[in-house]
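Each number in my numbering corresponds to the 1-based position in the sequence shown with 96 added. Note that beta-carbon positions come from the ideal geometry of N, C-alpha and C, so glycine has one too. Heads up, the thing below is written out as structure tokens.
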Amino acid sequence: MATEQTAITRATFDEVILPIYAPAEFIPVKGKGSRVWDQQGKEYVDFAGGIAVTALGHCHPALVDALKTQGETLWHTSNVFTNEPALRLGRKLIDATFAERVLFMNSGTEANETAFKLARHYACVRHSPFKTKIIAFHNAFHGRSLFTVSVGGQPKYSDGFGLNRRISSMFLSTICTQ
Numbered sequence: 097m098a099t100e101q102t103a104i105t106r107a108t109f110d111e112v113i114l115p116i117y118a119p120a121e122f123i124p125v126k127g128k129g130s131r132v133w134d135q136q137g138k139e140y141v142d143f144a145g146g147i148a149v150t151a152l153g154h155c156h157p158a159l160v161d162a163l164k165t166q167g168e169t170l171w172h173t174s175n176v177f178t179n180e181p182a183l184r185l186g187r188k189l190i191d192a193t194f195a196e197r198v199l200f201m202n203s204g205t206e207a208n209e210t211a212f213k214l215a216r217h218y219a220c221v222r223h224s225p226f227k228t229k230i231i232a233f234h235n236a237f238h239g240r241s242l243f244t245v246s247v248g249g250q251p252k253y254s255d256g257f258g259l260n261r262r263i264s265s266m267f268l269s270t271i272c273t274q
């Protein structure tokens with residue numbers, strides 16, 4: 097069925113996207129550095145930075161060039177293969193830090209999920225399979241996977257999923273005062 101071409105507005109979001117979050121009332125259509133512009137050309141400072149994804153700003157020429165070059169060379173290979181840029185970056189990170197090895201992830205959710213699983217595995221192997229309690233910050237956000245929402249201490253993300261009750265959340269101020 098063909099869809100008639102209509103104007104895209106913020107109301108379009110409410111019609112076509114599942115409401116798991118509520119975006120701003122304006123739609124950014126371009127960005128440069130720390131600024132974005134909406135459909136009417138109004139300029140905004142992007143204080144969210146794409147929730148840290150664009151912490152270096154929008155459309156930096158060096159990043160755009162690197163993305164274009166890689167996009168014209170090789171796209172995604174999954175973990176079935178490796179690729180030269182990943183190996184070069186891994187070497188640079190090891191040389192510049194304490195790390196002996198690196199693990200690349202595609203999102204903060206995936207990185208946090210892996211960190212939680214590693215912590216659980218370490219506790220089970222080193223101490224006991226029953227050592228499963230996790231202490232997390234109240235009102236934290238670690239991602240949208242089942243495990244990461246269960247650790248965040250935010251009922252609006254975790255209610256209704258029957259999550260692990262061995263997770264305790266505490267306020268940051270409680271930890272800082274002890």
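Tell me which same chain residues have a C-beta within less than 7 Å of the C-beta of residue i, skipping the five on either side of it?
i, result
"M97", "Its pLDDT being 47, under 50, M97 is placed unreliably by the model, and the measurement read from it follows with that caveat. Same-chain partners within the cutoff: there are none."
"A195", "L189"
"A182", "F200"
From residue i to residue j, what does the alpha carbon distance come to, in whole angstroms?
i, j, result
"I123", "V221", "49 Å"
"D134", "V125", "5 Å"
"L114", "R240", "14 Å"
"G249", "A232", "7 Å"
"W171", "D161", "15 Å"
"A211", "V198", "13 Å"
"F109", "F200", "32 Å"
"K213", "F226", "14 Å"
"T165", "S174", "19 Å"
"A278", "I116", "The requested residue 278 does not occur in the structure, where the chain is confined to residues 97 to 274."
"G258", "A192", "42 Å"
"V176", "H156", "31 Å"
"N179", "A219", "33 Å"
Tell me the DSSP secondary structure of residue i in three-state form.
i, result
"E111", "helix"
"E139", "strand"
"D191", "helix"
"H154", "strand"
"R222", "helix"
"P181", "helix"
"A211", "helix"
"A98", "Because the pLDDT of A98 is 49, which lies under 50, any placement of that residue in the model is unreliable, and the number read from its coordinates should be weighed accordingly. In this structure, A98 counts as coil in the three-state DSSP scheme."
"K252", "helix"
"R197", "coil"
Once you ignore the five residues that flank residue i on each side, which residues in its own chain have a CB closer than 8 Å to its CB?
i, result
"T150", "G127, D142"
"R216", "T228, I230"
Residues in the same chain with beta-carbon distance under 6 Å from residue i, minus the five sequence neighbours each way, listed in chain order, please.
i, result
"A118", "none"
"H238", "N208, T244, V247, G248"
"Y140", "V132"
"E111", "none"
Rounded to the nearest angstrom, how far is the Cβ of residue i from that of residue j, given a contact under 8 Å?
i, j, result
"S130", "G146", "About 11 Å; that fails the 8 Å criterion."
Discussion item. Pairs of beta-carbons, one from the stretch 198-216 and one from the stretch 237-245, closer than 8 Å: are there three or more?
Written reply: yes
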